[in-house]
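Going by this note's numbering, the first residue of the sequence shown is number 3, and it counts up by one from there.
Note that beta-carbon positions come from the ideal geometry of N, C-alpha and C, so glycine has one too.
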Amino acid sequence: MAEPSALVTDLYELTMAAAYHRHGMLGPATFELFVRSLPRQRNFLVAAGLEQCLAFLEGWGFERAEIDYLRSLGLFDEPFLDFLGDLRFTGEVWAVPEGEVVFAEEPIVRVTAPMIEAQIVETFLLTTITFETMVASKAARVDLACGSERTFVDFSGRRDHGAEAAVVAARAAFIGGAAATSNVLAGMRFGLPLSGTMAHSYVMAFADEREAFRCFARQFPGQAVLLIDTYDTEEGARRAAEVANELQADGITIRAVRLDSGDLAVLAPRVRAILDEAGLDGVQLFASGDLDEHRIAAMAGLPLDAFGVGTMLGTSADAPFLGGVYKLVEDEHGPKVKLSAGKRSWPGRKQVYRAEDHDVVALADEDGVPGRPLLHQVMVEGRRTGAAEPLGVLRERRAAAVAALPGDLLALDRQVPYRVRRSDALERLGAGCTPS
């Protein structure tokens, strides 16, 4: 897939930039990216997508063909187009590390750069951070539903909103708790563990269900997961058991059987009994089929070992978007505030501090605020301050951050508020900051 273009931006970013350029508004500006409110039933979010943003900013710039395209629109003068042709991102970025838990109205990313640079990159930053954060947050909920004894795999690729969305959704799902993904490109690009079974079409391609199982198991000894519900689930389980016992003489074992349809509350115990009676207590039960955290939580007592979660994960079907915004909070003339009804912003560069049972949003240069700061400097003069963190580290950070939350916030079926307050200094600045 092609690297993201600088044209991944909205037209109004460029028209504003042209006006800034004409009027010499080239001084530094600070924008903050945050989510206005949590979606229904969401008690927290898991920050994700930062690494893609940093890579984008490091390579950001307009290619000649892109400048030619902008020229063809007849909207921009030549001095501005020449300016864009030489433009690179030279700013600094502060951000919440991926895998950390965040809440509404808390800056996730803070960008300080010359106004035009900071403005044009808005679209890419918003779409990347909000999408991956949305998926990682959904995955964290699925992980909570699975508990410590069961796992789940990202099966969302074929239902996600585009091929590239499927790849980065697999990454975000892994941060959120998925053990593996079915997406092979995501496996190559991010080093994710891969997991796959078989489709019903594979079973149907054989004249005999047993032969389908037998052929697959011989092809992938020790790794085969057999899909047993193409025709009749219980009969499929008996046939899988027959093949498994037959192949043991050749040293071939079946890893698991997969149930993808029907009433799992009824079928899972029956399939487990069939396998156990055949002496196959080591063969696991893997379930899939429009699962989400609520369905998985409802199956807590069933003999199921792992789940494939697809549509509901990669699209975050019950909360398919985050109300992310990217607001100007300061420029060379001082703090900036937006006073629109229902969409007010808070002025000044900010930091977020996490105390034991609440967060504090404070001014970035404020001293004496209790708690640990969440925003860290990750880019200076357009270059990253350090190497990308391994995904395993991000995943561990998410697990620790979720485990540290108050127990009520782990509820899957109700919204529980978490206290996020503004510091006194921020409140005073907000009260005194009015547009001229």
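Which same chain residues end up closer than 7 Å to residue i when comparing Cβ atoms and leaving out the 5 residues on each side of it in sequence?
i    : result
Q225 : R257
A243 : I276, L277, A280 and L282
A188 : V169, A172, R173 and L194
G198 : S184
A366 : R351, K352 and Q353
R42  : A321 and Q417
Y233 : E211
Whole angstroms is fine: what's the gap from residue i's alpha carbon to residue j's?
i    : j    : result
G350 : A433 : 12 Å
A50  : P419 : 22 Å
A403 : R356 : 11 Å
P223 : D252 : 10 Å
R386 : G101 : 18 Å
V227 : A401 : 28 Å
L89  : F192 : 29 Å
W348 : V354 : 13 Å
D84  : R161 : 42 Å
L407 : R399 : 13 Å
A299 : C148 : 7 Å
E151 : F309 : 12 Å
F46  : H360 : 12 Å
E213 : R241 : 10 Å
G388 : D231 : 49 Å
Q140 : E391 : The amino acid at residue 140 is misidentified as Gln; the sequence shows Lys. Near 22 Å, if we compare the C-alpha coordinates of E391 and K140.
K338 : R112 : 14 Å
R44  : A405 : 16 Å
P372 : E5   : 41 Å
E358 : D410 : 14 Å
V422 : H25  : 39 Å
V395 : R346 : 35 Å
T436 : L341 : 9 Å
D426 : T114 : 24 Å
G336 : S7   : 32 Å
A343 : S203 : 55 Å
A209 : R220 : 17 Å
L86  : A142 : 40 Å
Can you check whether the CB of residue j is closer than 8 Å to the CB of residue i?
i    : j    : result
S263 : G291 : yes
V2   : A239 : The requested residue 2 does not occur in the structure, where the chain is confined to residues 3 to 438.
P271 : P305 : yes
H378 : P116 : no
S184 : G159 : yes
L266 : A289 : yes
F157 : V144 : no
P30  : E368 : no
V48  : V103 : yes
L287 : L261 : yes
E15  : E124 : yes
A57  : V380 : no
V285 : V259 : yes
Quick test of your reading: residue i and residue j, contact by CB under 8 Å. State the CB separation rounded to the nearest angstrom.
i    : j    : result
A19  : I122 : 6 Å
L428 : A364 : 6 Å
L414 : L40  : With a Cβ gap of about 14 Å, L414 and L40 do not count as contacting.
A167 : F133 : 7 Å
F218 : M190 : Actually they are not in contact, since the Cβ atoms of F218 and M190 sit about 23 Å apart, beyond 8 Å.
H23  : F64  : H23 to F64, Cβ: 14 Å. No contact.
E68  : L9   : 5 Å
Among the residues of its own chain, which have a CB less than 6 Å from the CB of residue i, if the five just before and after it don't count?
i    : result
F91  : L59, W62, E119 and G384
V382 : E94
T255 : G224
R374 : R356
E236 : R272
R397 : I177
L28  : P116
Residues in its own chain within less than 8 Å of residue i by CB, not counting five upstream and five downstream?
i    : result
R216 : V245, E248 and L249
T17  : L77
L393 : R173, F176, I177, F192, G193 and L194
D12  : E124 and T125
L412 : N45, L146 and V404
Per the contact definition of three or more C-beta pairs closer than 8 Å, is the region 164–182 in contact with the region 327–343? no
Three Cβ pairs or more, each shorter than 8 Å: is that satisfied between the region 62–80 and the region 103–114? no
Below 8 Å, can you find three or more Cβ-Cβ pairs linking the region 307–315 to the region 283–299? yes
Report yes or no: do the region 117–135 and the region 34–43 share at least 3 C-beta pairs separated by less than 8 Å? yes
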